[in-house]
Each structure stands twice: as C-alpha cells, then as structure tokens.
Amino acid sequence: MDYKLVLLAFNFLVIGVTALSPITIKIALGAALFKIKSMKQLTINNELLINVPKILEEYGVGYAKFNNLTIYGFDTMAYDFDPVDLPDEGDFTVNNIPVNLSFAEIGVRSKYYVDMGILDTIPVYGEGDFRLGFNETNVFINLTMSDQYAQNISIRDFDLKFVMRDSNQNYIRNFWKNEVVSNFLSSLINDIEPLFCAWYDYNSECIDCILSRIIQKIADQVLYPGKHSHIKCRCLNEVTDEMQNILDGFLQALDSNTLQMWIKDTLKKPQTVKVARKIYDNILLTVKDENNLLN
Ligand SMILES: *[C@@H]1O[C@H](CO)[C@@H](O)[C@H](O)[C@H]1NC(C)=O
Ligand SMILES: *[C@@H]1O[C@H](CO)[C@@H](O)[C@H](O)[C@H]1NC(C)=O
Ligand SMILES: *[C@@H]1O[C@H](CO)[C@@H](O)[C@H](O)[C@H]1NC(C)=O
Ligand SMILES: *[C@@H]1O[C@H](CO)[C@@H](O)[C@H](O)[C@H]1NC(C)=O
Ligand SMILES: *[C@@H]1O[C@H](CO)[C@@H](O)[C@H](O)[C@H]1NC(C)=O
88 MDYKLVLLAF NFLVIGVTAL SPITIKIALG AALFKIKSMK QLTINNELLI NVPKILEEYG
148 VGYAKFNNLT IYGFDTMAYD FDPVDLPDEG DFTVNNIPVN LSFAEIGVRS KYYVDMGILD
208 TIPVYGEGDF RLGFNETNVF INLTMSDQYA QNISIRDFDL KFVMRDSNQN YIRNFWKNEV
268 VSNFLSSLIN DIEPLFCAWY DYNSECIDCI LSRIIQKIAD QVLYPGKHSH IKCRCLNEVT
328 DEMQNILDGF LQALDSNTLQ MWIKDTLKKP QTVKVARKIY DNILLTVKDE NNLLN
C-alpha cells in the first residue's frame, strides 16, 4: 500500500542522514532523483480491482478495474536541492534539505473497466482509456531532520508547497460505451481542471500545510514511534481537535489493519460532518469568489 512507498522514500533520506554529512545526503538524494527521472514512468502491471466496500452498499454497488495504470511524466522532471548543515544543537546534528522539483507534465493514464450503480439511479459503466494530468507542476520541499549520532532520527520541520497548471490533454473514452457522452465528459474534465487549479491556488496555504503535517506525522510514526506530533495549521483553528482525532484514528487503523471498521465509524461521527461541512463551505466560498471574478 501507499504507506510502503512513503517508507521507501524516507529510507533514502535516512541513509543520507545516518551518514551525518550533507555531502552524503546530496549523493543519496541525487541518486534517488536521477533514478526516478530515468524510470520515465511507472506502470503497475497487475490489474487493480476496486470493489465498492460492503459498508457503502447503501450508496452504491459494483466495481472498477484498472489495467496498466501508469504514472507518466517523470522524464519531464527537473530538480534542484541544496542540503545545508544547520548549527548543531547539543548532541543533535541538524540538516536542512530544500528540494525543488518541477514537472513539465505529470499525470496518470490507464485502461479502465467500470460497472457500478450509485444510489440505485445513476449507472456508471464503461470500458476504455482515460488520462488525467497536469502541466507545469512544481513541488517545493523544505525538510529539516535531526539525529543524535545516527540514532533518534526525527523530522524537525517539513514544508511542502504545490503549484500546478491545467493540461487540457485529459480524456475518458467509451464511457457509457458512448462516444458523445465520452467527449462531453472529457471536455467537462478539461473545463473543471483550471477551476480546480484556481481553487488550489486560492487555498494552497491551508492544503499545503495539512499535507505537510500529515506526511510529517506518518514519517514520525515510522522514524520515531512514540513521538506525539500535532497537526497544527492556522486555517484549521476551528476544527483542529476533530482533525487531530480523525488522523490519530486513521494512523492507528492503518497500523492494526482495521481500516474498514475505522471508515465505517468515522463516517458516522458528528466530528466528521463538522469537518466535511467546513470543507464544503470553503468550496462554496471559492466558487462564489470565482463567479464574482468572472462576472
Ligand atoms: C498492458 O501492457 C502490456 C505491455 O505493454 C500489454 O502486453 C498488455 O496487453 C496490456 N494490458 C492491457 C489489458 O491492455
Ligand atoms: C527553490 O525554489 C525557490 C523559489 O523559486 C528558490 O528561492 C530556491 O532557491 C530554490 N531552492 C533550490 C534548492 O533550488
Ligand atoms: C527551510 O527550513 C529552514 C529550517 O526550518 C529555514 O531556516 C528556512 O528558512 C526554510 N527555507 C524556506 C525557503 O522556507
Ligand atoms: C536516543 O536513542 C537511544 C537509543 O534508542 C535512547 O536510549 C535515548 O534515550 C534517546 N535519546 C533521546 C534524547 O531521545
Ligand atoms: C500542456 O502541455 C501539453 C504538452 O506539452 C500542451 O500541448 C498543452 O497545450 C499544455 N496545456 C496547457 C493548458 O498549457
């Protein structure tokens, strides 16, 4: 699962940091990024089968299958990083590792087969190809790690910033086994993507902060089990505790393989509704502003 990929990525950094020297971090990171770039794309050769989970049966039934799901665009990546030795604190060595990545194009494409019914009224079926991607995606990472004689490695600070542009190359083919519907959907996706990018730009401070804190929390659990870090983002002032509880529960469920149960419990909680409501209000607000800008 995705969790393992996160582990793998951090392994590289841990190897670098345990060697206690920015030069070595530079070599390890350089090797990792070069390898990713020369992979060009990543194809999952196994068929991915996604069933509507039993607990969501009241909302929908059916399944989706993906063949040759490919993440493309690694070869369009440019990167730059410059590890710095920050002043040590007592026994702790502190390294700051800023990494900038930019992708001219990045996205996912796949063969899909879907056969679902949503709420007994909306049939979702089709069999064909789809592609969803972004142009000019930049990722700015600012990572600060510390360690004590190659032990007690932890993340001091992790900041992630995303910037992306729409691609207008997105499509879905053979949806409802109908060309007209597919063309309509494809142009709809291409029309919505710029709005999504604008929405992200508008809210990037908040979303980047939440993503950064979640990644840091997962990494902390791996590197330093027992360390208790909080998800704190200014934009979440009103819901921080709820968000905190939800994330704690999520990470616990991930560890103990009880994710399905956790989803079921979480969906029922009033806190979830409050967080969802906050996000929904936020979207409404943005859309309203967008409309004001357009008119
Ligand atoms: C997936 O890709 C492989 C290699 O390109 C190809 O042989 C195979 O037919 C593809 N599978 C499907 C379902 O398209
Ligand atoms: C990353 O990009 C920012 C903004 O463009 C720039 O100020 C910074 O020097 C870059 N850092 C590296 C390591 O390339
Ligand atoms: C990156 O983090 C370090 C340590 O927290 C900080 O000193 C530096 O200003 C940050 N750089 C950027 C570009 O935010
Ligand atoms: C560092 O790790 C060692 C061994 O795991 C442990 O005994 C020690 O208490 C830790 N020190 C700190 C400051 O966390
Ligand atoms: C995205 O990149 C593709 C390929 O370079 C280009 O054809 C397309 O026009 C770009 N889209 C936008 C919205 O710039």
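Heads up: take any position in the sequence shown, counting from 1, add 87, and you land on this note's numbering. Ideal placement from N, C-alpha and C gives every residue a C-beta, glycine not left out. In this text, all values refer to a predicted model and were calculated from it rather than measured experimentally.
Inter-residue spacing [alpha-carbon to alpha-carbon] between Ile-294 and Arg-300: 10 Å
Asp-295 Cβ short of 7 Å to ligand 2 heavy atom set: For Asp-295, the shortest separation between its Cβ and any heavy atom of ligand 2 does not lie below 7 Å.
Residue of Leu-129, Ile-242, Phe-217, Asn-187 minimising C-alpha distance to Lys-152: From the listed residues Leu-129, Ile-242, Phe-217, Asn-187, the smallest Cα separation to Lys-152 is found for Phe-217.
Val-195 versus Asp-175, Phe-161, Lys-361, Ile-112, residue with shortest Cα-Cα distance: Phe-161
Boundaries (first-last residue) of the alpha helix (DSSP H) holding Asp-169: Premise fails: Asp-169 is in no alpha helix (DSSP H) and is neither H nor E.
Where Asn-382 sits in the DSSP three-state scheme: A caution first: Asn-382 carries a pLDDT of 47, below 50, which makes its placement in the model unreliable, though a value can still be read off. Three-state DSSP puts Asn-382 in coil, outside helix and strand.
Close Cβ partners of Leu-346 (< 7 Å) along its chain, the five nearest in sequence each way excluded: Ala-340
Ligand 2 heavy atom lying under 7 Å from the CB of Phe-190: Because no heavy atom of ligand 2 lies under 7 Å away, the Cβ of Phe-190 does not count as near it: no.
Residue of Asp-307, Asp-169, Met-126, Glu-329 minimising C-alpha distance to Thr-157: Met-126
Pick from Glu-280, Ser-233, Ser-343 that is closest to Asp-307, judged by C-alpha positions: Ser-233
Backbone CA spacing between Val-260 and Glu-266 [nearest angstrom]: Before going on, a small fix: residue 260 reads as Arg here, not Val. Taking the Cα positions, Arg-260 is about 7 Å away from Glu-266.
Pocket of ligand 3 defined by Cβ to heavy atom distance under 7 Å: Leu-173, Asn-183, Pro-185, Asn-229, Thr-231, Arg-243, Asp-244, Asp-246
Counted within 10 angstroms of its Cβ, other Cβ atoms place Asp-89 as buried (16 or more) or exposed: At Asp-89 the pLDDT is 47, less than 50, meaning the model places this residue with poor confidence; the figure from the coordinates comes in the next sentence. With fewer than 16 other Cβ atoms within 10 Å, it is exposed.
Outcome for Leu-381 when other beta-carbon atoms lying within 10 angstroms are tallied against a minimum of 16: Unreliable placement is indicated for Leu-381, whose pLDDT of 48 sits below 50; the coordinate value is still reported in the next sentence. Label assigned to Leu-381: exposed.
7 Å CB neighbourhood of Gln-263 in its chain, flanking five on each side removed: The question names Gln, yet the displayed sequence has Trp at residue 263. Correct list, in chain order: Tyr-212, Gly-213.
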